[in-house]
Every structure is written in C-alpha cells, then in structure tokens.
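J.: Below: one structure in structure tokens.
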Ligand code: SME
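In the numbering used here, the protein residues as written are 17 to 169.
Here you go:
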C-alpha cells in the first residue's frame with residue numbers, strides 16, 4: 017500500500033500543479049483515488065459555508081447522493097466540520113450520528129482540508145468493506161489534503 021500511496025501522491029501533485037481549473041483538478045483526484053485504491057468506493061469533497069454552517073458537495077466519484085448539503089454537526093461530515101479532526105469509522109452501522117448515502121457503505125473516513133489553519137472542507141471516502149481504513153489511509157489522505165490546500169492559496 018505504501019508504494020501505491022506514494023505513487024498516487026506524486027500523481028496528485030502533478031494534477032494540482034497543472035493547468036486545469038480547480039474543479040477539474042478535484043474531479044481528477046477523486047477519479048484517481050476511486051480507480052486506483054480497491055477499497056475506495058466513493059470519493060468526494062465537501063466545502064464549508066461557515067456563515068450558514070453548511071457543507072456543500074463538490075466534485076465526487078461514485079454513486080449519486082441526495083446529501084449534497086449537510087449541516088455542521090450532522091453525520092460524520094458535519095462532525096468533522098466542527099471537530100477539525102479526521103474521523104475514521106470502522107463500522108458505519110455502529111455510529112449514532114451518521115448519514116447513510118447507500119446501504120452498501122460499510123466504513124468511511126473523513127479528513128478535514130485546512131488552508132492556512134482554517135478548516136474549509138473535507139475529503140470523504142466510503143468503502144463497501146467493513147473496517148477498510150487504517151492509519152496508513154489517514155496519513156495518506158492528510159498529506160494529500162495538504163497538497164489540495166495549495167489550490168486555495
Ligand atoms: N456518510 C456521510 C454523508 C455523506 S455520504 O457518505 C456521501 C456522513 O455521515 O456525513
């Protein structure tokens with residue numbers, strides 16, 4: 017996995033440094049991760065509208081979701097908007113405050129996106145496998161988001 021994640025980070029860095037629009041770059045990153053990591057089944061970015069305490073869905077890859085707007089505090093995503101901390105969920109069925117997008121989702125990881133110390137959004141990844149995510153995923157995605165943040169400087 018280590019080698020795969022190093023390769024994906026390099027590919028993402030190239031995409032981020034490229035000429036495409038921010039939206040196109042985020043979409044390309046979602047596609048890359050969903051295509052290359054077997055246990056990533058849905059990959060998307062949410063962005064905060066702090067004045068209204070809402071998250072809005074941005075580019076994503078995977079099944080369409082009804083949850084395009086999520087209030088701060090609601091679900092795993094909404095909790096990360098408030099906690100500013102990565103939330104790794106081994107088993108979504110064991111979570112009281114969880115928004116189900118699809119019955120096929122078994123585990124999830126949400127990693128905040130910081131720009132100059134401010135939590136502006138997050139990357140959200142769902143897996144159809146129970147307990148799919150490890151510390152390695154967390155480290156990878158936190159490093160990835162440090163690169164994604166460069167798009168907003
Ligand atoms: N499960 C998330 C909602 C977003 S979907 O996974 C795309 C949550 O509980 O916040």
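Cβ coordinates follow ideal geometry from the N, Cα and C atoms, glycine included. The model shown is predicted, which means the values in this text are computed figures rather than measured ones.
Where does residue 211 fall in DSSP's three states?
T.: With the chain covering only 17 through 169, there is no way to say anything about residue 211.
J.: Output needed for residue 106: all residues of its chain with C-beta closer than 8 Å, excluding positions within five of it in sequence on either side, in chain order.
T.: Your numbering for residue 106 matches position 90 in the chain shown. So the qualifying residues of the chain are 123, 146, 147 and 149.
J.: Let me check you understand the geometry: is the CB of residue 124 closer than 7 Å to at least one non-hydrogen atom of the ligand SME?
T.: Here residue 124 refers to the residue found at position 108 when the chain shown is read from its first residue. Residue 124: yes, Cβ under 7 Å from the ligand SME.
J.: Going by beta carbon distance, what residues of the same chain come within less than 8 Å of residue 82, once the five residues before and after it are set aside?
T.: Translated into positions along the chain shown, residue 82 becomes position 66. So the qualifying residues of the chain are 117.
J.: Curious, which full-length beta strand (DSSP E) runs of at least 3 residues does the segment 86–158 contain?
T.: Segments of the beta strand (DSSP E) lying fully in the segment 86–158: 103–105, 123–131 and 134–143.
J.: Between which two residues does the alpha helix (DSSP H) carrying residue 30 extend?
T.: Looking up residue 30 in the chain shown gives position 14. 18–33 is the extent of the alpha helix (DSSP H) around residue 30.
J.: Since residue 98 and residue 89 should fall inside the 8 Å C-beta cutoff, what is the C-beta to C-beta distance between them, to a whole number of angstroms?
T.: As a first step, residue 98 must be located in the chain shown, where it is residue number 82. As a first step, residue 89 must be located in the chain shown, where it is residue number 73. That pair is a contact at about 6 Å.
J.: In terms of DSSP beta bridges, what is residue 77 paired with?
T.: By one-based count along the chain shown, residue 77 stands at place 61. DSSP lists 59 as partners of residue 77.
J.: For a quick check, are the C-beta atoms of residue 163 and residue 29 less than 8 Å apart?
T.: The count along the chain shown starts at 1 and reaches residue 163 at position 147. The count along the chain shown starts at 1 and reaches residue 29 at position 13. For residue 163 and residue 29, yes; Cβs fall inside 8 Å.
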